[in-house]
Amino acid sequence: MEHAIAAYRQPVKRLFIQTFGCQMNEYDSLRVRRMLGTMGYETTPRLDRATVIFLNTCSVRDKAEQKVYSFLGRLRALKAQRPQLKIIVAGCMAQQLGTALLSRFPHLDLVLGTRAIGALPELLEGVQADHRRLAHLPDTDQEGWQQLFQGADQWISGVSAPLTIMQGCNNFCTYCIVPHVRGRERSRPSAEIVREIQLLTAAGAKEVVLLGQNVNSYGQGLDESIDFPGLLRLIERTTDIRRVRFTTSHPKDLTADLMRCLAELKTLCRHIHLPFQAGSDRILKKMNRHYTVADYLDKVDRLRRACPEIALTADVMVGFPGEREDDFEGTLQLIDTVRFDNLFSFRYSDRPFARAVQFPDKVDEALKAERLVRLQALQASITLAKNQEEIGRLREILVEGESRAAEGQLSGRTSHNRIVNLVGPRQIIGRLETVKIVAAYMHSLKGERIRNSEALS
Ligand code: SAH
Ligand code: SF4
Ligand code: F3S
Numbered sequence: 223m224e225h226a227i228a229a230y231r232q233p234v235k236r237l238f239i240q241t242f243g244c245q246m247n248e249y250d251s252l253r254v255r256r257m258l259g260t261m262g263y264e265t266t267p268r269l270d271r272a273t274v275i276f277l278n279t280c281s282v283r284d285k286a287e288q289k290v291y292s293f294l295g296r297l298r299a300l301k302a303q304r305p306q307l308k309i310i311v312a313g314c315m316a317q318q319l320g321t322a323l324l325s326r327f328p329h330l331d332l333v334l335g336t337r338a339i340g341a342l343p344e345l346l347e348g349v350q351a352d353h354r355r356l357a358h359l360p361d362t363d364q365e366g367w368q369q370l371f372q373g374a375d376q377w378i379s380g381v382s383a384p385l386t387i388m389q390g391c392n393n394f395c396t397y398c399i400v401p402h403v404r405g406r407e408r409s410r411p412s413a414e415i416v417r418e419i420q421l422l423t424a425a426g427a428k429e430v431v432l433l434g435q436n437v438n439s440y441g442q443g444l445d446e447s448i449d450f451p452g453l454l455r456l457i458e459r460t461t462d463i464r465r466v467r468f469t470t471s472h473p474k475d476l477t478a479d480l481m482r483c484l485a486e487l488k489t490l491c492r493h494i495h496l497p498f499q500a501g502s503d504r505i506l507k508k509m510n511r512h513y514t515v516a517d518y519l520d521k522v523d524r525l526r527r528a529c530p531e532i533a534l535t536a537d538v539m540v541g542f543p544g545e546r547e548d549d550f551e552g553t554l555q556l557i558d559t560v561r562f563d564n565l566f567s568f569r570y571s572d573r574p575f576a577r578a579v580q581f582p583d584k585v586d587e588a589l590k591a592e593r594l595v596r597l598q599a600l601q602a603s604i605t606l607a608k609n610q611e612e613i614g615r616l617r618e619i620l621v622e623g624e625s626r627a628a629e630g631q632l633s634g635r636t637s638h639n640r641i642v643n644l645v646g647p648r649q650i651i652g653r654l655e656t657v658k659i660v661a662a663y664m665h666s667l668k669g670e671r672i673r674n675s676e677a678l679s
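Per the working numbering, the very first residue in the sequence shown carries number 223; after that it's consecutive.
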């Protein structure tokens, strides 16, 4: 009798994914959605309806971790109500904490390390069958990238698609946990990247964002002879993708050839994210960044000479151990000199495994907070001024979808990565449109569609 019922009842398979951290996590979450999609899982935006909850976590800063802990805490009650629910934690915190997560959170079923995503389907079936609790943290990639293209004819892509071209990092900046949780740098073969872009294009993507902790060193260790500019040219030559972006670039590895690509390639957006982290040589040395303030400014100068239109964004932190007032003034000075289009700024926090944990002269939290406020006030005035300079200009935007901020409007991005909200029909989603910028705010611009003939005049 039981058999007969089981045969008729379709098991409910609903997946809820929550992604924390960087775009590489967004990409891994997409892969999880696709992999579980081929097992019959539908994605749900509702936690209370999910049969599997997948948290893709980040440990880059203390704050990022706290967010994950608070989310995990909320899931306790849900699991108590529905013991069949499976809760999976993956990503950098999973790699960092492993079995400790299972002990601390008894409602967790599966902990997956950063090299284990490819093993998810099998492991999930395992924990569902015998209710074991498991932490899987392999030393080598279990990617099975060929798995990646399974069911590709069913893919549906957003207008802009993330695409990880290399994993890990070899740089060991002294504040950073990433090399310790993502492992050493490894690049994906170019043919595989091109194939994936072709599949994404067929699935509706118009833009790809090429991801890696330091894309400038792409190609090292591969059997083929290729570097990052070579990959960008290959993508332009052999795919139909309309726009290409990339992140992140390490200043020490920014080459003249990449500058040329930014100036010349039609598909490549005129924007580079070039984290500088600090504006003091003393601190940069302690951070193990391998450049000085003068080196950084020189690269920016050459970049702007090669490509005068280029938009520049960066990451910076305040309160690295031993940061004095004069070091911080140097950071403000650098910001004032470069005038970044946008800046992501953080308070330094100690991370496990990172060398700076042992550095003396930790900066007081209140002082870090005060420095961050000063820095952000300076950048806010620059960001707003630069946005206001856009008013009256004609810009080509890729319309990505409905605006999150402006209700009833659509939203797109300029080549410079500025968000533009506009009124228009949904049919233009996925299209490159020329707009006239009519208003500017801190985080976005307002645009009006104009006829193409006007754009050309
Ligand atoms: N690979 C990228 C950055 C990855 S982490 C690069 O090299 O630029 C993203 C940003 O988080 C870093 O650029 C840095 O500004 C910040 N960050 C990393 N570790 C941090 C820490 N321990 N405390 C505060 N901010 C940190
Ligand atoms: Fe971290 Fe430095 Fe590697 Fe970026 S380059 S991921 S900051 S170690
Ligand atoms: Fe965070 Fe890991 Fe990305 S620590 S920033 S999710 S590589």
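Note that the Cβ used here is the ideal one computed from N, Cα and C, for glycine as well.
Contact test: residue i Cβ vs ligand 2 heavy atom, cutoff 8 angstroms
i	result
F566	no
T266	no
N247	no
T470	yes
Residue i CB to nearest heavy atom of ligand 1 below 8 angstroms
i	result
I387	no
R527	no
M539	yes
Q499	yes
C314	no
A197	Coverage of the chain is limited to positions 223 through 679, which leaves residue 197 absent and any answer about it impossible.
C244	yes
S571	yes
Which residues DSSP lists as bridging residue i, in chain order
i	result
P384	V431
T752	Given that the chain is displayed from residue 223 to residue 679, the structure contains no residue 752 and the question cannot be resolved.
R671	V657
H495	T535
F575	None, per the DSSP bridge assignment.
L680	For the chain, the structure presents residues 223 to 679; residue 680 sits outside this window and is missing.
T469	L433
A357	V333
I619	T636 and E655
N643	S633 and K668
V662	Here residue 662 turns out to be Ala, not Val, going by the sequence shown. Looking at the DSSP assignment, A662 forms a beta bridge with L667.
Among the options, the one whose alpha carbon lies nearest that of residue i
i	options	result
I463	D445, T605, S603 and R653	R653
V522	C244, H472 and L487	H472
I275	Q389, I309, S571 and Q288	I309
A591	G340, Y570 and G646	Y570
C391	Q376, R408, S382 and P384	R408
R596	E547, V642 and K608	E547
E486	L525, A341 and Y518	L525
V466	D503, L300, T636 and I651	T636
L632	R640, R648, G541 and F566	R648
C244	A533, D549, F566 and K608	F566
V254	L297, F371 and M539	F371
T266	C280, K285, Q240 and D284	Q240
L330	G348, R304 and L294	L294
D361	G320, R337, V381 and E344	R337
V381	I619, V400, A322 and V349	I619
P384	G405, L297, L421 and L444	L421
A578	I419, S439, L277 and N510	N510
I641	K658, T656, I339 and K668	K668
R403	V660, N247 and E611	Note that residue 403 is Val in the sequence shown here, rather than Arg. For the residues V660, N247 and E611, the minimum Cα distance to V403 belongs to N247.
G259	K289, D363 and I378	I378
G646	E629, R354, A661 and T461	E629
C398	C314, N438 and R455	C314
Closer than 8 angstroms: residue i CB and nearest ligand 3 heavy atom
i	result
I310	no
S637	no
A578	no
A286	yes
R253	no
V282	yes
V403	yes
T535	no
T321	no
T423	no
Runs of alpha helix (DSSP H) wholly within the segment 388-455 (minimum 4 residues, chain order): Fully enclosed alpha helix (DSSP H) runs of 4 or longer: 400-404 and 412-424.
Neighbouring residues (CB closer than 6 angstroms to any heavy atom of ligand 2): Those satisfying the condition are, in chain order, C391, N393, F394, C395, C398, V400, P401, Q435, N436 and H472.
Within the segment 255-326, ranges of the beta strand (DSSP E) (whole runs, at least 3 residues): If only complete runs of 3 or more residues are kept, the segment 255-326 shows the beta strand (DSSP E) at 274-279 and 308-313, in order along the chain.
Segments assigned beta strand (DSSP E), at least 3 residues, entirely inside the segment 504-559: Taking only runs of at least 3 residues, the beta strand (DSSP E) segments lying wholly in the segment 504-559 are 533-540.
Inside the segment 580-627 only - alpha helix (DSSP H) runs reaching at least 4 residues: Scanning the segment 580-627 from its first residue to its last, the whole alpha helix (DSSP H) runs of 4-plus residues come out as 587-611.
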